[in-house]
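Residue numbers (the working numbering), protein chains in the order written: chain A, -6 to 126; chain B, -6 to 126; chain C, -6 to 126; chain D, -6 to 126.
From the three backbone atoms N, C-alpha and C, an ideal C-beta is built for every residue, glycine too.
Here is the structure we will look at.
Protein chains: 4
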Amino acid sequence: MVSAEHNIRVLYAHTDKMGVVSNTRYLEYFESGRGEFLRQLGYTYKEMEEDKIALPVIEAYCKYISPAYYDDLITLKAYLKQIPTVRIRIDYELFVADRLIVTGYTVHSFVDSESLKPVRPSQKLLNILAGKL
Amino acid sequence: MVSAEHNIRVLYAHTDKMGVVSNTRYLEYFESGRGEFLRQLGYTYKEMEEDKIALPVIEAYCKYISPAYYDDLITLKAYLKQIPTVRIRIDYELFVADRLIVTGYTVHSFVDSESLKPVRPSQKLLNILAGKL
Amino acid sequence: MVSAEHNIRVLYAHTDKMGVVSNTRYLEYFESGRGEFLRQLGYTYKEMEEDKIALPVIEAYCKYISPAYYDDLITLKAYLKQIPTVRIRIDYELFVADRLIVTGYTVHSFVDSESLKPVRPSQKLLNILAGKL
Amino acid sequence: MVSAEHNIRVLYAHTDKMGVVSNTRYLEYFESGRGEFLRQLGYTYKEMEEDKIALPVIEAYCKYISPAYYDDLITLKAYLKQIPTVRIRIDYELFVADRLIVTGYTVHSFVDSESLKPVRPSQKLLNILAGKL
């Protein structure tokens, strides 16, 4: 398993009238976690796009366990548990201090970033993951 | 099964640099579909809150099948397939003309809108649904 | 002066913990008003882009006068007061019933939608506006 | 003049089909800059709310000078140029490296965070600013 973590500060604009972070905001938090995960692996998504590979989201799931509040500092952990095949799944766990607030995952396909047709997983990504998973 | 549908126009602000609606936007579209579903049943979510009942999202799932583009008119269908128990699940299907673009669901618990503690399903909602499901 | 209006339903996701529509949401509402304004003129922004003309926002201003609440139906009025030159300014007034909630404007330049270089105002748009302004 | 700066990473979800950060996103960036500005002064907005003072936005202005792209690291500078009276104005300058991309401001009134009625500026904030402005 390969993982990475980083922090997100909850803005007012992320909350809704229940006084908590809107359920609709978490997929954006997931994107942030995924991006930092790839950056920490040493192969940013921007570089992947420059290599003509894109990873569109084909499924997303969120489980809302506990609320996050304005100005909370969310710790976002992203995990890769399996060698990617034609698809790659990233898992997420979000915490405020020790309190687990949200879990979820996204599934992505590998596509050519111009034609959007399916391609094999990025060899560069597989090389980076080899030995880590 | 009870269902309702309405339309959403895709704004520029909903798209991302892939030229399609961002995966992060669909949970907001789902909320819109859910709200119109309740309105068409004759019991808006606003009225439910006035009756001290809230339906926080405890799970959400999206499956992205086909892209939606700027200025598309999305038809959003929301379905209730089962009598709610302590939870209620709403299913969604989004179309652009006849093309299915996204499916998904949200699961909600019934809570007191002030204390946020679990409560029974709204009797008013159950009465409306009786005979329809 | 040429004007158009349409309605926007306030979603939960548009509100923040103050219980009102977030100040950050109104620029998206403005986009919606602008898009319907052009549609009602008979020349959608999508068609304008197909004609290789884009109208990026170069300035935006919002004045927040009164709050909008969850489930409010906002009436959004968009106005064009002057013949566009190298720039075009659209003014907005948002109401909930008779209550004025927000006013503002956006200023746009005419650019080639591919090179993003400045171009003359769309002749097709000027023809549509001739006689109306 | 008092100022503060911090960084924001541009997400995919912040971009639109022009391939740049959506004009609608910047008011949220401004909120982030304002929040960090107050945090660096030693008096967070959350603490201000606990002291029953809120600062709703009553005006906002953005000038879009140059685009920001996916994965850019935006440096956001927030400035307070004048002692607040019944209102407080914050100015913003956003850069990508040395390139100025957006300038703008927000104007806020001081209100009681429960009644939302106007109040005097927070004495605690004035004390912090005394000697700095």
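With 16 or more other Cβ atoms from the protein chains shown falling within 10 Å of its own Cβ, A:PRO77 counts as buried. Classified as buried, C:ASP84 has 16 or more neighbouring CB atoms from the shown chains inside 10 Å of its CB. Secondary structure within the segment 61 to 108 of chain C: the beta strand (DSSP E) runs of 3 or more consecutive residues, fully enclosed, are 66 to 73, 80 to 89 and 92 to 102 (chain order). At a beta-carbon threshold of 7 Å, the residues of chain D lying near A:ALA6 are GLU21 and GLU24, ordered along the chain. Taking A:ALA47 as the centre and dropping the five residues before and after it, the same chain places the C-beta of VAL104 and SER106 closer than 6 Å to its C-beta, in chain order.
Within the segment 59 to 89 of chain B, TYR63 and ASP64 place their CB atoms closer than 8 Å to a CB of chain C, listed in sequence order.
DSSP places B:ALA123 outside both helix and strand once states are collapsed to three, so it counts as coil.
Not flagged as an interface residue toward chain B: C:LYS117, since no C-beta distance is shorter than 8 Å. Assignment of beta-bridge partners to D:ILE1 by DSSP yields D:ILE67. B:TYR22 sits in a helix when the DSSP states are folded into three classes.
The Cβ-Cβ distance between B:ARG113 and B:VAL100 does not fall below 8 Å. C:GLU21 and B:ALA6 have their C-alpha atoms some 7 Å from each other.
Distance from A:LEU87 to A:HIS(-1) at the Cβ level is roughly 11 Å; contact not present, criterion being Cβ atoms closer than 8 Å. Taking 8 Å as the cut-off, the beta carbon of D:THR8 is found closer than this to the beta carbon of B:ASP9.
From the listed residues B:GLY28, B:CYS55 and B:MET11, the smallest Cα separation to B:GLU42 is found for B:GLY28.
For C:LYS56, the enclosing beta strand (DSSP E) stretches over residues 50 to 57. The residues GLY28 and LEU31, in chain order, have a CB closer than 6 Å to that of D:TYR38 in the same chain once the five nearest residues on each side in sequence are set aside.
The residues PRO60, ALA61 and TYR62, in chain order, have a CB closer than 8 Å to that of A:VAL13 in the same chain once the five nearest residues on each side in sequence are set aside. Residues of the segment 44 to 59 of chain B with a Cβ closer than 9 Å to any Cβ of chain A, in chain order: ALA47, PRO49, VAL50, ILE51, GLU52, ALA53, TYR54, CYS55, LYS56, TYR57 and ILE58.
Identification of chain C residues near A:GLY12 by a Cβ-Cβ cut-off of 7 Å yields LYS10, ordered along the chain. At a cut-off of 8 Å between beta carbons, C:ASN16 contacts chain D. B:ILE94 and B:ARG82 have their alpha carbons spaced roughly 20 Å apart. C:TYR57 has its alpha-carbon roughly 10 Å from the corresponding atom of C:SER15. Restricting attention to B:TYR54, B:LEU122, B:GLY26 and B:GLY124, the CA atom closest to the CA of B:ALA(-3) is found in B:GLY26. Contact annotation for B:THR37 against chain C: ASP64 [CB-CB distance below 7 Å, chain order]. Assignment of D:THR17 by DSSP, reduced to helix, strand and coil, places it in the helix class. Considering only B:ASP44, B:LEU73 and B:ILE1, the residue with the shortest C-alpha distance to B:VAL89 is B:ILE1.
In this structure, the CA atom of A:GLU40 is about 15 Å from the CA atom of A:ASN120. Going by C-alpha positions, B:PRO49 is about 29 Å away from C:GLU24.
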